[in-house]
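Single-structure report; data block below.
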Amino acid sequence: MNESWEFCTVYVTFSTEEEAKKITKQVVIERLAACANTIKGMDSVYIWKGEVEESSEIVSLFKTRKDKIETLTQRIKELHSYDTPCIVVWPIVSGNPDYLDWIRNSL
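Our numbering numbers the first residue of the sequence shown as 1 and each following residue consecutively.
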């Protein structure tokens with residue numbers, strides 16, 4: 001993969017809307033993400049401790065810079081209720097330059 005990207009979206013799942021709102025607000029306040037979008041109503045099917053599980057979850061998409069990933073990930077893990085939270089980084093390889101400047105200047 002081309003490592004020349006500066007920005008990314010960090011995908012995180014939560015068990016409740018309240019937890020998602022609390023954590024997204026906290027990391028934005030701490031300037032670890034410029035913003036976060038929360039999406040309700042996701043159904044998940046996954047293997048946990050050898051068993052197939054099904055649950056409803058909430059997804060948040062954090063927009064941030066590459067240099068914030070490690071600190072953002074650690075902070076989410078500290079605040080998150082899951083033993084092993086889903087925290088996945090998606091590089092932003094291109095986008096609206098004005099929006100990307102806004103992310104850069106918000107952090």
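Even glycine gets a Cβ: it sits at the ideal position worked out from N, Cα and C.
Note that the structure is a prediction, hence the values are computed from the model and not measured.
| Item | Value |
| --- | --- |
| In three-state DSSP terms, what is Pro97? | helix |
| Give every residue of the same chain whose Cβ lies closer than 6 Å to the Cβ of Thr13, excluding the five residues on either side of it in the sequence, and list them in chain order. | Glu57, Val59, Cys86 |
| Classify Glu6 as helix, strand or coil using the three-state DSSP reduction. | coil |
| Measuring straight from C-alpha to C-alpha, what distance separates Phe7 and Gly50? | 35 Å |
| Measuring straight from C-alpha to C-alpha, what distance separates Lys66 and Ile23? | 19 Å |
| Quick one: using the 10 Å Cβ neighbour count with 16 as the cut-off for buried, is Thr84 buried or exposed? | exposed |
| Grab me the residues of Val52's own chain with a C-beta within less than 8 Å of its C-beta, minus the 5 sequence neighbours each way, in chain order. | Val45, Tyr46 |
| Just list the residues that DSSP pairs Glu57 with in beta bridges. | Met42 |
| Is there at least one non-hydrogen atom of the ligand HEM closer than 7 Å to the beta-carbon of Trp102? | Inclusion of the ligand HEM in the displayed structure is not the case, the ligand content being empty and no account of it being possible. |
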